[in-house]
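Participant: I have a structure here, written as structure tokens, and I will follow up with some questions on it.
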Amino acid sequence: MAKFNKKKDGGLPPVNTAALPDIVFMLLFFFMVATVMREDTLKITNTLPLANQIEKLDKSKPISYIYIGKPSGNYTSKFGTEARIQLNDDFADVDQIIPFINAERAALREELVPFLTVSLKVDRESNMGIVGDVKQELREANALKINYSTGSGDALSNMDK
Amino acid sequence: MAKRAAPEVNAGSMADIAFLLLIFFLVTTTIPKDSGISRKLPPIDNSDQEPPILREKNIFKVIINRRDQLLVEDEIKDIKDLRQAAVEFLDNNGDGSCEFCQGKRDPASSDNPIKAVISLENNRETTYAAYIAVQNELVAAYNELRNRRALEIGPQRGFPNMNFVEMQEASNNVQWVGDKDKLKEVIEQIQEEIPQKLAEVAGTN
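Chains as they are written, first to last, in our numbering: chain Y, 1 to 161; chain Z, 1 to 205.
If you want it as structure tokens, here you go:
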């Protein structure tokens, strides 16, 4: 009788995928928590050099970012291949740094203003000329706390091209 | 007849939705790495005050040229040897006033760590990577001496087996348990004994 037919042998039973959403959710929550949205859209190439004598920047203190590097992909036709400065979301000239610092200060609570640190994210291929100009402007803006942003690794490897 | 149970909602596509979100966050995630070498720029000095006169032997000159080559104390040096040379210069103790130094007491080199100044000069065409490498080595030289000093005075002050870098980390770490005020005193003392005097000379062409 058909009712008592033995189940066909062979063929693996299907894997139970009921727990799959749980696993995916777990990953999802991890990434949601770990995500920090990019503050600025980079229009320049920005490969940081490496160093090993580094300090972590204190996140509770205000940080402003100045990016320096060669314009990336689409922008080379308009802005050339020399290293440029990027403030917030746009290319900038050296003389825009003082207004930028003042604007960053104005946006802060007053008691935090003296702790403003400027993080220089400079592409490793850039020349020191532009970095020196930026540093001079920062001195004039009286933003003296700076941090050369670097990756962590062997600093000596910076020297080989 | 038994009451009919409410039909179950099909949750089969929940995984798909979760995947979608997961992929979105995967793509947008940048694990931030905000670390680097901290420096303090010198304030602009408009006063007519004469700069203090430094003796030539108390200055350790490092020059990086446009081809990223190093000239240390008028000698061409490889970056590998820079740290050791800087440590020897700072640790020299020419006038004998530094009781923790272990240097050679060479009269032609620096008097003591407080007087010793490292001057770093770079060309406008020096690459940033080379500049950072040199900065890193010079900071490493200072840290090496400060670590040694921290291991010497730490145990008497109640912080055994902590070098200077670890002390600084601990004092910035909110979760660290211990006497922070005392630790800060030790850190400040070491910073006073071995001050980081790194002068940067404006780039020449």
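Note that beta-carbon positions come from the ideal geometry of N, C-alpha and C, so glycine has one too.
By the three-class DSSP mapping on this structure, what secondary structure does LYS3/Z have?
Facilitator: In this structure, LYS3/Z counts as coil in the three-state DSSP scheme.
Participant: Taking DSSP as the reference, what is the three-state secondary structure of THR41/Y?
Facilitator: Residue state, collapsed to three classes: coil.
Participant: In or out: ALA211/Z buried (at least 16 other Cβ within 10 Å) or exposed?
Facilitator: This structure does not reach residue 211/Z, given that chain Z is present from 1 up to 205, and the question cannot be answered.
Participant: Report all residues from its chain with a CB closer than 7 Å to the CB of GLU140/Y; omit the five preceding and five following residues, and keep chain order.
Facilitator: Here the set comprises ILE98.
Participant: Per DSSP, THR117/Y is paired with what?
Facilitator: Looking at the DSSP assignment, THR117/Y forms a beta bridge with ILE63/Y.
Participant: Using a Cβ cut-off of 9 Å, pull out every chain Z residue sitting near GLU140/Y, in sequence order please.
Facilitator: What GLU140/Y touches in chain Z: ILE44.
Participant: Could you check what DSSP says for PRO71/Y in three-state terms: helix, strand or coil?
Facilitator: The answer is strand: DSSP assigns PRO71/Y an E or B state.
Participant: Let me know the secondary structure DSSP gives LEU54/Z once reduced to three states.
Facilitator: Three-state result, LEU54/Z: coil.
Participant: Give the straight-line distance between the Cα atoms of ILE118/Z and GLY36/Z, rounded to the nearest whole angstrom.
Facilitator: Computed Cα separation, rounded: 20 Å.
Participant: For the stretch 141-151 of chain Y and the stretch 112-119 of chain Y, state whether three or more C-beta atom pairs, one from each stretch, are separated by less than 8 Å.
Facilitator: With the cut-off at 8 Å, the stretch 141-151 of chain Y and the stretch 112-119 of chain Y touch.
Participant: If you measure between the beta carbons of SER77/Y and THR45/Y, is that distance less than 8 Å?
Facilitator: For SER77/Y and THR45/Y, no; Cβs fall outside 8 Å.
Participant: Do we get a CB-CB distance below 8 Å when we pair ASN143/Z with the residues of chain Y?
Facilitator: Yes, because at least one Cβ of chain Y sits closer than 8 Å to the Cβ of ASN143/Z.
Participant: At the level of alpha carbons, what is the spacing between ASN205/Z and ILE64/Z?
Facilitator: Note that ASN205/Z scores a pLDDT of 49, beneath 50, so its modelled location is shaky; the value from the coordinates is reported in the next line. Cα-Cα distance, rounded: 12 Å.
Participant: Look at the Cβ atom of PRO107/Z, then the Cβ atom of GLY94/Z, and state whether they are nearer than 8 Å.
Facilitator: A contact, by the Cβ cut-off of 8 Å.
Participant: Given this structure, state the Cα-to-Cα distance separating TYR128/Z from ASN173/Z, to the nearest angstrom.
Facilitator: Answer to the nearest angstrom: the Cα atoms are 31 Å apart.
Participant: For ARG139/Y, which of helix, strand or coil comes out of DSSP?
Facilitator: Reduced to three states, the DSSP call for ARG139/Y is helix.
Participant: How would you write the range of the beta strand (DSSP E) that LEU120/Z sits in, first residue to last?
Facilitator: Its beta strand (DSSP E) spans residues 117-123.
Participant: Is DSSP giving VAL62/Z helix, strand or coil here?
Facilitator: DSSP places VAL62/Z in strand when its eight states are reduced to three.
Participant: Taking the alpha carbon of TYR67/Y as the reference point, which residue from ARG109/Y, VAL134/Y and ILE85/Y has its own alpha carbon closest?
Facilitator: With distances taken between Cα atoms, TYR67/Y lies closest to ILE85/Y.
Participant: In terms of residues, what are the limits of the alpha helix (DSSP H) holding ARG83/Z?
Facilitator: 82-90 is the span of the alpha helix (DSSP H), which, as asked, contains ARG83/Z.
Participant: From this set, SER109/Z, ASP74/Z, LEU82/Z and SER13/Z, which residue's C-alpha is nearest ASP91/Z's C-alpha?
Facilitator: ASP91/Z has its Cα closest to that of SER109/Z, out of SER109/Z, ASP74/Z, LEU82/Z and SER13/Z.
Participant: Name the one or two DSSP bridge partners that LYS77/Z has.
Facilitator: Answer is LEU70/Z, bridged to LYS77/Z.
Participant: Identify, in the order they occur along the chain, each residue of the same chain with its Cβ nearer than 7 Å to the Cβ of ALA85/Z, setting aside the five sequence neighbours on each side.
Facilitator: Same-chain partners within the cutoff: VAL72 and LYS77.
Participant: For the stretch 119-132 of chain Z, which residues have a CB atom closer than 8 Å to at least one CB atom of chain Y, in sequence order?
Facilitator: From the stretch 119-132 of chain Z, only ASN122, ASN123, ARG124, GLU125, THR126, THR127, TYR128, ALA129, ALA130, TYR131 and ILE132 have a Cβ closer than 8 Å to chain Y.
Participant: Does the CB of VAL186/Z have a neighbour CB from chain Y at under 8 Å?
Facilitator: Closer than 8 Å: no.
Participant: For PHE19/Z, return the contacting residues in chain Y, with the cut-off set at a CB-CB distance below 7 Å.
Facilitator: In chain order: VAL24.
Participant: Measuring CA to CA, which of SER149/Y, GLN136/Y and MET159/Y is closest to ASP45/Z?
Facilitator: Checking every option, the nearest Cα to that of ASP45/Z belongs to GLN136/Y.
Participant: Alpha carbon to alpha carbon, what distance is there between PHE91/Y and GLY69/Y?
Facilitator: Spanning the two alpha carbons is a distance of roughly 10 Å.
Participant: Beta carbons nearer than 9 Å to chain Z: which residues of the stretch 85-101 of chain Y have them?
Facilitator: Going along the stretch 85-101 of chain Y in chain order, one finds no residue with a Cβ nearer than 9 Å to chain Z.
Participant: How about TYR65/Y and LYS121/Y: do their beta carbons lie closer than 8 Å?
Facilitator: Result yes, Cβ atoms of TYR65/Y and LYS121/Y sit closer than 8 Å.
Participant: Using the C-alpha atoms, what's the distance from ILE23/Z back to ARG4/Z?
Facilitator: Taking the straight line joining both Cα atoms gives about 40 Å.
Participant: What residues are listed by DSSP as bridge partners for ASN88/Y?
Facilitator: According to DSSP, which records beta bridges pairwise, ASN88/Y is partnered with nothing at all.
Participant: Compare the C-beta of LEU215/Z with all C-beta atoms of chain Y and state if any pair is closer than 8 Å.
Facilitator: A query on residue 215/Z cannot be resolved here, the shown segment of chain Z reaching from 1 to 205 and no further.
Participant: Shortest alpha-carbon distance to PHE89/Z belongs to which of ASP48/Z, ASN58/Z, PHE164/Z and ALA18/Z?
Facilitator: PHE89/Z has its Cα closest to that of ASN58/Z, out of ASP48/Z, ASN58/Z, PHE164/Z and ALA18/Z.
Participant: Are any of the Cβ atoms in chain Z nearer than 8 Å to that of LYS40/Y?
Facilitator: The residue you asked about is not Lys; residue 40/Y is Asp in the sequence shown. With 8 Å as the cut-off, ASP40/Y does not count as an interface residue toward chain Z.
Participant: Just to check my reading of the structure: THR150/Y and ALA51/Y have Cβ atoms closer than 8 Å, yes? What is that Cβ distance to the nearest angstrom?
Facilitator: Confirmed, Cβ separation roughly 4 Å.
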